[in-house]
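A short worksheet on the structure shown next.
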Amino acid sequence: QPNAMGGREVGGLANTLAAHFEFGDLQSHQTVSEFWQTDNLATRAGLKAIDLFDAMNDGKIKAVWIMATNPVVSLPDSEKIKTALEKCPFVVVSDCIADTETTRLADVVLPAQGWSEKSGTVTNSERRISRQRRILPSPGEAKPDWWILKEVAQKMGFQDQFDYRHEGEIFKEYCEMTALGNETGKARDLCLIGLTKLDEKGYGELTPQQWPVLGYQPEIIEQRMFT
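Per the numbering used here, the very first residue in the sequence shown carries number 19; after that it's consecutive.
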């Protein structure tokens with residue numbers, strides 16, 4: 019299953035920008051646009067999951083890329099989801115399982131890593147970011163999700179914007195974004211300024227941290243925002 023809390027933090031939901039910057043706030047939009055050096059940042063929330071498949075059924079969505087989930091099984095009204103995917107002209111699915119109810123409807127299936135093969139971070143519901151370290155080697159042609167996205171982006175002409183060599187570089191960029199206009203952690207609770215100086219070795223050795231992280235302390239510290 020997707021890393022829900024971490025997904026919210028990095029803008030993986032349709033209704034928020036990365037690092038808890040919000041749609042509808044002009045300063046947030048300008049800050050993120052300048053950081054990513056883009057003039058094409060979305061200005062409004064996208065479609066949520068159910069709405070997305072409704073739009074697919076209505077012919078408004080012509081292509082979809084599904085990663086790390088099996089919506090034909092996990093979403094309500096599976097027949098409607100299946101019909102929507104059958105109507106969609108181009109369906110891409112990234113999964114660690116070749117044969118699922120969703121991959122059977124895909125035009126392209128990309129082999130992704132399973133949980134024990136991934137290296138990255140996850141965030142639990144108490145805001146604790148933990149390193150997920152690879153346990154097993156990846157079988158066959160399986161690749162990390164970030165690597166797959168990077169390769170596609172570069173093929174689309176975004177070589178400089180997606181020149182990541184290691185997942186730690188993505189984490190560093192994310193930490194830097196949380197610190198934008200937020201050096202003291204007062205503007206937004208999500209602040210990882212204390213982790214922005216980590217190099218690849220430091221990222222590899224990262225201990226669990228609860229945000230806000232204004233200064234990196236390798237030993238695990240208990241923090242409570244509410245009592």
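For every residue, glycine included, the Cβ atom is placed at its ideal position computed from N, Cα and C.
Here the alpha carbon of A205 sits roughly 16 Å from the alpha carbon of Q48.
With a beta-carbon spacing of about 5 Å, V90 and T120 fall inside the 8 Å limit used to define contacts. By the C-beta density criterion, V126 is exposed, having fewer than 16 other C-beta atoms within 10 angstroms. Taken in chain order, the unbroken stretches of beta strand (DSSP E) that lie wholly in the region 63 to 139 and span 3 residues or more are 81 to 85, 108 to 113, 126 to 129. With a cutoff of 8 Å on beta-carbon distance, R145 and Q235 are scored as not near each other. Assignment of T141 by DSSP, reduced to helix, strand and coil, places it in the strand class. Three or more beta-carbon pairs drawn from the region 159 to 174 and the region 128 to 136 are found closer than 8 Å, and the two stretches are therefore classed as touching.
The DSSP assignment places 185 to 196, 218 to 222 as complete runs of the alpha helix (DSSP H) inside the region 180 to 235, in order along the chain (cut-off: 4 residues).
Ranked by Cα distance from N88, the first of C193, K105, C114, K215 is C114. Annotated as proximal: W164 and E185, with beta-carbon spacing under 8 Å. Remark: three or more beta-carbon pairs, one from each stretch, lie closer than 8 Å, so the region 68 to 80 and the region 92 to 103 are flagged as touching. In the structure shown, R151 falls within a coil segment according to DSSP collapsed to helix, strand and coil. DSSP links K161 through a beta bridge to A130.
DSSP lists Q228 as the beta-bridge partner residues of R146. Residues of the same chain with a CB within less than 6 Å of the CB of G222, apart from the 5 flanking positions on each side, do not exist. When the Cα atoms are used, M174 and L167 turn out to be separated by approximately 11 Å.
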